[in-house]
Amino acid sequence: MNKNFIIVILGLALFFTSCAKKSETTTTHEGAVSTMQQSTINTIIDDLVKKHGEAQRNRIERCVNQTAILWQETDGDKDVFHEFCMNNFVGNAEDLDKLFNSISMHYETLIGHFNKIALDMRRPVHLEGYEVTPIDELFAGYDPFANIQKDFYNNKIAFCITLNFPHYTLAEKEEMGEKWTEKEWAYARVGDMFVERLPADLLQKYSEILANADNYISNYNIFMGYVVDDEGKTNFPQDLKLISHWNLRDELKSHYDNPQSINKMRIIYEVMQRIIKQEIPEAVINSNKYTWNPKSNKVYENGKEVSLAMEPNTRYEHLLNCFKANVELDKYRHDNYIDTKFSNEFEMPQANVEKIFKEYISSPVVKEVAEIIKKRLGRDLEPFDIWYDGFKARSSINQEELSKKTSALYPTPLALEKDIPNILVKLGFNRSKAAEIASRIVVEGSKGAGHAWGAEMKGEKAHLRTRIGANGMDYKGYNIAIHELGHNVEQTISLYDVPFWFLRGVPNTAFTEAWAFAFQHNDLNLLGIKSNDPNKEALDVLDKFWGTYEIMGVSLVDQEVWKWMYNNPKCNAEELKNAVIKIATDIWNEYYAPVFGVKDSPILAIYSHMIDNPLYLSAYPIGHIIEFQLSEYIKDKNLGEEMIRICKLGRLIPDVWMKKAVGSPVSSATFTEAAKKAVQKLNNN
Ligand SMILES: [Zn+2]
Numbered sequence: 000m001n002k003n004f005i006i007v008i009l010g011l012a013l014f015f016t017s018c019a020k021k022s023e024t025t026t027t028h029e030g031a032v033s034t035m036q037q038s039t040i041n042t043i044i045d046d047l048v049k050k051h052g053e054a055q056r057n058r059i060e061r062c063v064n065q066t067a068i069l070w071q072e073t074d075g076d077k078d079v080f081h082e083f084c085m086n087n088f089v090g091n092a093e094d095l096d097k098l099f100n101s102i103s104m105h106y107e108t109l110i111g112h113f114n115k116i117a118l119d120m121r122r123p124v125h126l127e128g129y130e131v132t133p134i135d136e137l138f139a140g141y142d143p144f145a146n147i148q149k150d151f152y153n154n155k156i157a158f159c160i161t162l163n164f165p166h167y168t169l170a171e172k173e174e175m176g177e178k179w180t181e182k183e184w185a186y187a188r189v190g191d192m193f194v195e196r197l198p199a200d201l202l203q204k205y206s207e208i209l210a211n212a213d214n215y216i217s218n219y220n221i222f223m224g225y226v227v228d229d230e231g232k233t234n235f236p237q238d239l240k241l242i243s244h245w246n247l248r249d250e251l252k253s254h255y256d257n258p259q260s261i262n263k264m265r266i267i268y269e270v271m272q273r274i275i276k277q278e279i280p281e282a283v284i285n286s287n288k289y290t291w292n293p294k295s296n297k298v299y300e301n302g303k304e305v306s307l308a309m310e311p312n313t314r315y316e317h318l319l320n321c322f323k324a325n326v327e328l329d330k331y332r333h334d335n336y337i338d339t340k341f342s343n344e345f346e347m348p349q350a351n352v353e354k355i356f357k358e359y360i361s362s363p364v365v366k367e368v369a370e371i372i373k374k375r376l377g378r379d380l381e382p383f384d385i386w387y388d389g390f391k392a393r394s395s396i397n398q399e400e401l402s403k404k405t406s407a408l409y410p411t412p413l414a415l416e417k418d419i420p421n422i423l424v425k426l427g428f429n430r431s432k433a434a435e436i437a438s439r440i441v442v443e444g445s446k447g448a449g450h451a452w453g454a455e456m457k458g459e460k461a462h463l464r465t466r467i468g469a470n471g472m473d474y475k476g477y478n479i480a481i482h483e484l485g486h487n488v489e490q491t492i493s494l495y496d497v498p499f500w501f502l503r504g505v506p507n508t509a510f511t512e513a514w515a516f517a518f519q520h521n522d523l524n525l526l527g528i529k530s531n532d533p534n535k536e537a538l539d540v541l542d543k544f545w546g547t548y549e550i551m552g553v554s555l556v557d558q559e560v561w562k563w564m565y566n567n568p569k570c571n572a573e574e575l576k577n578a579v580i581k582i583a584t585d586i587w588n589e590y591y592a593p594v595f596g597v598k599d600s601p602i603l604a605i606y607s608h609m610i611d612n613p614l615y616l617s618a619y620p621i622g623h624i625i626e627f628q629l630s631e632y633i634k635d636k637n638l639g640e641e642m643i644r645i646c647k648l649g650r651l652i653p654d655v656w657m658k659k660a661v662g663s664p665v666s667s668a669t670f671t672e673a674a675k676k677a678v679q680k681l682n683n684n
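Just so we're aligned, residue 0 is where the sequence shown starts under numbering that gives the first Met the number 0, counting upward by one.
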């Protein structure tokens with residue numbers, strides 16, 4: 000919930016890894032070449048080895064090479080570089096530790112205060128009780144972090160860091176990380192800070208391309224009141240305007256309650272296929288000028304059929320522009336964009352992610368779940384049933400009664416803040432730890448649904464923003480607030496209790512979401528109410544299982560499309576469109592058609608993020624797996640004790656974190672096993 004804000008928070012942590020990339024000392028990407036001659040680099044290495052001893056050779060080689068790649072002509076000539084290296088390489092453990100402590104102290108000051116600036120300057124926009132003026136919005140949009148990288152190359156702090164802290168590749172972290180001490184991990188995170196230096200003009204161009212794609216997607220609405228069936232009948236409210244694909248999908252999902260609505264679902268599916276294939280008349284996008292039958296693809300104006308031009312592959316032009324911009328940036332990276340995205344941001348190799356997804360979607364239990372869906376629907380499956388929404392357990396507890404209870408308990412933000420120690424004790428924290436954590440969380444009334452914004456320096460508090468109406472907090476608000484509290488508690492433990500500031504946080508957003516959902520899952524327990532549906536847990540598992548099955552297919556299409564573009568860098572938009580349709584259909588036919596009994600659907604290519612947020616989609620299923628694995632592990636344990644033990648690990652890489660947390664690496668096996676049990680439970684009723 001409110002992941003945007005969580006992303007903002009983690010964005011601060013990710014700031015350090017945003018450039019983290021593979022940097023071998025001997026092999027570099029053909030583009031990422033130093034402006035420095037290899038002979039100069041070798042001379043410096045020899046001189047440093049003479050000065051500090053043979054035992055330091057390995058570290059000297061790695062650090063001088065990685066610094067040379069980042070050093071540009073404007074930073075100084077080879078003599079300046081030579082002198083800089085001789086003066087700034089630290090050759091003994093004691094001084095290196097002093098350097099590490101200084102960097103930690105100053106970065107905590109810097110990031111902690113910048114975070115506070117960002118938080119405070121958004122107060123009018125986020126909090127109740129402020130009138131928002133245009134200038135407030137400008138301040139809210141200001142990013143205090145924007146220039147740190149540039150400034151620290153200019154003043155050479157970046158080079159002091161790269162000259163002393165080797166950057167380890169993901170493969171090296173996977174290989175050695177389990178045995179690393181906490182301090183070795185902290186040193187490695189310092190080494191992740193400055194790994195690539197992308198030219199500002201290329202970054203600017205890339206951000207314009209992304210903004211254009213975002214603008215294209217943001218304005219891609221379908222006026223459903225003007226979409227007709229073969230009888231010329233409109234099936235949707237006249238003013239219903241749906242953005243592709245999110246609203247189209249959600250509208251489709253909303254009709255599972257009513258079997259009579261299948262016609263509407265089929266119409267939406269037709270619309271989606273026209274978008275994917277770019278067979279949609281351009282003039283029906285974001286316009287109600289014409290009436291359109293997506294099945295026959297005929298368009299009418301005042302009842303008369305008219306002939307209109309189709310959208311000219313614009314969807315794929317945006318994707319192609321994004322690819323080309325990345326090819327330019329690749330010249331300054333150590334890997335291509337696919338590996339950069341997976342190894343750097345997710346810190347899981349793409350091949351590993353692909354393997355986990357394929358294991359999951361080809362698991363035999365998928366067919367068993369599909370059989371249950373068929374039975375519940377009373378019909379055969381159609382491709383859009385990847386969005387089947389009927390596993391949501393309908394609560395039999397009256398929401399109004401719940402709201403009465405929550406609004407009496409929490410009439411104000413302060414009432415919730417004061418109750419946090421009790422909530423934490425109920426969740427298994429001991430009383431003194433509960434009081435300590437609660438003293439580091441402040442609750443404020445928000446304008447929106449709410450969010451959790453953590454601190455970035457000790458001494459500062461995490462902020463829980465929650466919506467409380469004039470009559471107190473209703474149940475919906477309470478449910479979200481408990482979720483956000485889970486984030487705040489994670490943020491607090493993983494800032495205050497980690498061994499080093501550079502290890503604060505969790506490996507990625509999925510890990511903090513896991514804690515938030517673990518809290519949210521307990522919302523009724525905290526009110527002293529027990530769930531009365533014996534199938535609730537099994538239904539929950541299948542709901543998550545089916546949703547993950549859907550988004551994994553979508554993510555695999557995204558990954559394959561990027562691989563295809565790298566293999567066909569000179570393609571045009573028409574060729575790219577055909578490739579996307581083929582890839583989506585092939586994945587459908589291999590993994591989905593045997594389950595659905597329908598071949599050749601391109602539906603997995605409909606997601607808008609494939610166009611405006613390159614390779615982001617895989618974050619969802621990775622997140623679902625991690626959340627599920629963690630929630631299964633803690634469900635019969637003391638949440639408070641486990642949360643303290645696990646959050647103290649800090650920001651390791653996902654696999655190492657998971658092994659230390661639950662005893663096994665990130666894997667889909669827990670999920671598929673739980674789905675099997677849920678199927679058995681439902682079939683036995
Ligand atoms: Zn959340």
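All C-beta atoms, glycine included, are put in the ideal place defined by N, C-alpha and C. Please read these numbers as outputs of a predicted model, since none were measured by experiment.
inquiry  = Between ASN682, TRP561 and ALA668, which has its C-alpha nearest ILE360's C-alpha?
reply    = By 1-based counting over the sequence shown, the position of residue 360 is 361. Of the candidates ASN682, TRP561 and ALA668, the one whose C-alpha sits nearest the C-alpha of ILE360 is ALA668.
Review point. Using DSSP with H/G/I as helix, E/B as strand and the rest coil, what is GLU300?
Key: Sequence index remark: in the sequence shown, residue 300 carries index 301 (1-based). Collapsing the DSSP output to three states places GLU300 in a strand.
Just to confirm my understanding: we take THR491, look at its own chain, exclude 5 residues before and 5 after, and list those with CB closer than 8 Å. What are they?
Along the sequence shown, one-based indexing puts residue 491 at 492. Exclusion of the five residues before and after THR491 leaves ILE436, ARG439, ILE440, GLY453, ALA454 and ALA461 as the residues of its chain whose Cβ lies within less than 8 Å of its Cβ.
Indicate the three-state DSSP secondary structure (helix, strand or coil) for THR290 in the structure shown. Position 291 of the sequence shown holds residue 290. The answer is strand: DSSP assigns THR290 an E or B state.
Consider the C-beta atom of GLU626 and the heavy atoms of ligand 2; say whether any pair is separated by less than 6 Å. Summarising the ligand content, the structure contains ligand 1 and does not contain ligand 2.
inquiry  = DSSP three-state label for GLY427, please.
reply    = Within the sequence shown, numbered from 1, the residue matching residue 427 stands at position 428. Shown here, GLY427 sits in coil according to DSSP, grouped into three states, outside any helix or strand.
### Query
Just to confirm, does GLU512 get its C-beta within under 6 Å of one of the non-hydrogen atoms of ligand 1?
Counting from one through the sequence shown, the residue named residue 512 turns up at place 513. Here the distance from the Cβ of GLU512 to the nearest heavy atom of ligand 1 is below 6 Å.
* Could you give the C-beta distance for TRP561 and ILE337, rounded to a whole number, given that I count them as a contact under 8 Å? -> What you label residue 561 is simply residue 562 of the sequence shown in a count that begins at 1. What you label residue 337 is simply residue 338 of the sequence shown in a count that begins at 1. The pair is a contact, with the Cβ atoms about 5 Å apart (cut-off 8 Å).
Query raised in the report: Rounded to a whole number of angstroms, what is the C-alpha to C-alpha distance between GLU459 and ARG265?
Result: In the sequence shown, counting from the first residue as 1, residue 459 sits at position 460. In the sequence shown, counting from the first residue as 1, residue 265 sits at position 266. So the alpha carbons of these two residues sit roughly 53 Å apart.
*By DSSP, does LYS97 sit in helix, in strand, or in coil?*
Working through the sequence shown from its first residue, we reach residue 97 at position 98. Of the three classes helix, strand and coil, the one that applies to LYS97 here is helix, per DSSP.
What three-state label does DSSP hand ASN470 in the structure shown?
Within the sequence shown, numbered from 1, the residue matching residue 470 stands at position 471. Note: ASN470 maps to coil in three-state DSSP.
Open item on the list: Looking at ligand 1, does it come within less than 6 Å of ALA515, judged from the CB to the closest heavy atom?
Closed with: What you label residue 515 is simply residue 516 of the sequence shown in a count that begins at 1. Indeed, a heavy atom of ligand 1 lies less than 6 Å from the Cβ.
Discussion item. Can you give me the C-alpha to C-alpha distance between ASP119 and PRO143, rounded to a whole angstrom?
Written reply: Reading the sequence shown from its first residue, position 120 is the one you call residue 119. Reading the sequence shown from its first residue, position 144 is the one you call residue 143. Using only the alpha carbons, I get a separation of about 12 Å.
- request: Go through its chain and collect everything with a Cβ distance to TYR590's Cβ below 7 Å, but skip five positions before and after it.
  value: On the sequence shown, position 591 is the one that residue 590 refers to. So the qualifying residues of the chain are ILE360, SER361 and GLY552.
Completely contained alpha helix (DSSP H) runs for the stretch 35-90, where each covers 4 or more residues
37-51, 56-69 and 77-87
State yes or no: is the C-beta of VAL597 within less than 7 Å of the C-beta of PRO382? As a working mapping, residue 597 is identified with position 598 in the sequence shown. As a working mapping, residue 382 is identified with position 383 in the sequence shown. Yes, Cβ-Cβ distance for VAL597 and PRO382 is below 7 Å.
Does the distance from the C-beta atom of ILE275 to that of ILE605 stay below 7 Å? Looking up residue 275 in the sequence shown gives position 276. Looking up residue 605 in the sequence shown gives position 606. Closer than 7 Å, so yes.
Provide the residue(s) that pair with PRO280 in DSSP beta bridges, ordered along the chain. For this step, residue 280 is matched to residue 281 along the sequence shown. DSSP output for PRO280 lists MET309 as bridge partner(s).
Self-check item: Per-residue DSSP class, three states only, for ALA448
Solution: Along the sequence shown, read from residue 1 onward, the residue named residue 448 stands at position 449. Of the three classes helix, strand and coil, the one that applies to ALA448 here is coil, per DSSP.
message = Please state the DSSP three-state secondary structure of ILE436.
response = Along the sequence shown, read from residue 1 onward, the residue named residue 436 stands at position 437. Looking at ILE436 - three-state DSSP - the assignment turns out to be helix.
Tell me, please, whether the stretch 494-510 touches the stretch 165-182 by the rule of three or more beta-carbon pairs shorter than 8 Å.
yes
Margin query: Three or more C-beta pairs under 8 Å: does that hold for the stretch 240-252 against the stretch 339-347?
Written below: The stretch 240-252 makes no contact with the stretch 339-347: fewer than 3 CB pairs, one atom from each, lie closer than 8 Å.
Where does ASN534 sit, in a helix, a strand or coil, going by DSSP? Within the sequence shown, the letter at position 535 stands for residue 534. If DSSP states are grouped into helix, strand and coil, ASN534 belongs with coil.
Practice prompt. Can you tell me which of the three DSSP states HIS125 falls into?
Written response: In the sequence shown, counting from the first residue as 1, residue 125 sits at position 126. HIS125: helix per DSSP, three-state reduction.
*So, do the stretch 472-480 and the stretch 398-406 have three or more beta carbon pairs nearer to each other than 8 Å?*
yes
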